[in-house]
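**Q**
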Amino acid sequence: MKYSLLVLSAPDSGSGNLAAVRFAEAVIDGGHQLYRVFFLDRGAATGLASTVLPQDEQNVAGLWSALAKKHGAELILCIASALKQGVLDETEATRYEQAAATMLPGFELGGLGLLVEAMADSDRMLTFGG
Amino acid sequence: MAESHKTRTLLVFRHPPYSSSLSRSGLDTALAAGAFEQPVTLLFLSDGILQLLPQQDSTSLGKRNHGKVLASLPLYDIETLWVDAAALSDCGYAINDLPEAARLADQALIRDMLAQHDHILAF
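Residue numbers (the working numbering), protein chains in the order written: chain A, 1 to 130; chain B, 1001 to 1123.
Here it is as structure tokens:
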């Protein structure tokens, strides 16, 4: 079964983002295909590299990064949502003359067309947050 | 984009406009789906129906007007805005208060919509 996820909640708010990464891990562990994870709206803050958390709090973004590294999961941040929240890759940091890139490894910026493509091509599409 | 099968996606709006950017992200998703000719149905539940009120003016908030985005949906072949009839009356509005594209959905119809679409995205 081919799964895609839409993540709308920020990693530091509620449990939607953590539930999403746990679900993504379960999809892969269950032998299914994780086609794409699309982070939209506040969800795009997941890819922010400069977040600093208290030591006793779960680093959800780190779990996503590990998922990308270990399994090659495709993690797409909606580019419009990401830019608004200060998540920039090298290209966007240069384009908008910002001091530094701020995107975690394992994530990519992309347009809503990639979400629409995931809708079209996945057997299951789940929303987390919202 | 694969054209082998056209999946039908239900976009559910449950939040009011402007209190967060969530509902705007949902509308942007609808526009993108329309632009890529993916069939989507829009269903407004609970406080989500407040997005449809035609008198909204977001100028002083410095945000784009959702009403204008909604008005542009027919350009993307999205002709109907489904509205939870109970939520509408709970908020003290009637169908005449909403844009022409709005249609009432009762509980049975909402259940059918939830059951009949391939995907449900909730904003």
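Glycine residues also receive a C-beta, built at the ideal position from the N, C-alpha and C atoms.
Since the structure is predicted, the reported quantities are computational estimates derived from the model, not experimental observations.
Would you verify that the beta carbon of B:S1020 is, or is not, closer than 9 angstroms to some beta carbon of chain A?
**A** yes
**Q** Quick check on this structure: which residue in A:G43, A:A100, A:V116 has the alpha carbon closest to the alpha carbon of A:L8?
**A** Selection A:G43, A:A100, A:V116 evaluated against A:L8 yields A:G43 as nearest (Cα-Cα).
**Q** Taking the continuous alpha helix (DSSP H) assigned at A:M125, which residues delimit it?
**A** The continuous stretches of alpha helix (DSSP H) do not include A:M125, which lies in the beta strand (DSSP E) extending over residues 124 to 128.
**Q** Taking Cβ positions only, does B:D1028 come closer than 9 angstroms to chain A?
**A** yes
**Q** Taking beta-carbon pairs under 7 angstroms, can you tell me which members of the stretch 1035 to 1061 of chain B lie near chain A?
**A** Listed by position along the chain: F1036, Q1038.
**Q** Which residues does DSSP list as the beta-bridge partners of B:A1122?
**A** B:V1012
**Q** Of the choices B:H1117, B:A1122, B:Y1018, whose alpha-carbon is the least far from that of B:R1064?
**A** B:Y1018
**Q** Please state whether DSSP places A:K2 in a helix, a strand or coil.
**A** strand
**Q** Run the CB neighbour count on A:K30, radius 10 Å, all protein chains shown included, and call it buried at 16 or more, exposed below.
**A** Note that residue 30 of chain A is Gly in the sequence shown, not Lys. Flag for A:G30 reads exposed.
**Q** Find the nearest neighbour of A:G86 within the set A:Q55, A:A45, A:A20, A:L114, judged by alpha-carbon distance.
**A** A:A45
**Q** May I ask which residues mark the beginning and end of the alpha helix (DSSP H) holding B:F1036?
**A** No alpha helix (DSSP H) contains B:F1036, which DSSP labels as neither H nor E.
**Q** Among the candidates B:A1030, B:L1053, B:F1013, whose CA atom is the shortest distance from the CA of A:E117?
**A** B:A1030
**Q** Report the three-state DSSP secondary structure of A:R42 (helix, strand or coil).
**A** helix
**Q** Can you tell me whether A:E97 is helix, strand or coil according to DSSP?
**A** coil
**Q** Strictly under 9 angstroms for the Cβ-Cβ distance: is A:D132 near chain B by that measure?
**A** Absent from the model: residue 132 of chain A. The displayed extent of chain A is 1 to 130, so no value can be given.
**Q** The stretch 100 to 118 of chain A: which residues have C-beta closer than 8 angstroms to a C-beta of chain B, in chain order?
**A** G111, L112, G113, L115, V116, E117
**Q** Could you tell me which residues DSSP puts in a beta bridge with B:D1077?
**A** Beta-bridge pairing links B:D1077 to no other residue.
**Q** Could you work out which residue in A:K2, A:S13, A:W64, A:F23 is closest to A:M103 when comparing CA atoms only?
**A** A:W64
**Q** Among residues of its own chain, excluding the 5 on either side of B:Q1107, which ones have a beta-carbon nearer than 8 angstroms to its beta-carbon?
**A** A1086
**Q** Out of B:G1048, B:L1027, B:L1075, B:W1082, point me to the one whose CA is closest to B:R1014's CA.
**A** B:G1048
**Q** For the stretch 119 to 130 of chain A, which residues have a CB atom closer than 8 angstroms to at least one CB atom of chain B, in sequence order?
**A** M119, A120, D121, S122, R124, M125, T127, G130
**Q** With distances taken Cα to Cα, identify the nearest neighbour of A:M125 among A:H71, A:F39, A:D56.
**A** A:F39
**Q** Going by C-alpha to C-alpha distance, which of B:L1053, B:R1024, B:P1054, B:A1035 sits closest to A:D41?
**A** B:R1024
**Q** A:L109 to B:G1092, Cα distance in whole Å?
**A** 42 angstroms
**Q** Are the stretch 93 to 100 of chain A and the stretch 1077 to 1085 of chain B touching by the rule of at least three beta carbon pairs closer than 8 angstroms?
**A** no
**Q** According to a CB-to-CB cut-off of less than 7 angstroms, which residues of the stretch 10 to 38 of chain A neighbour chain B?
**A** Cβ contacts with chain B: none found.
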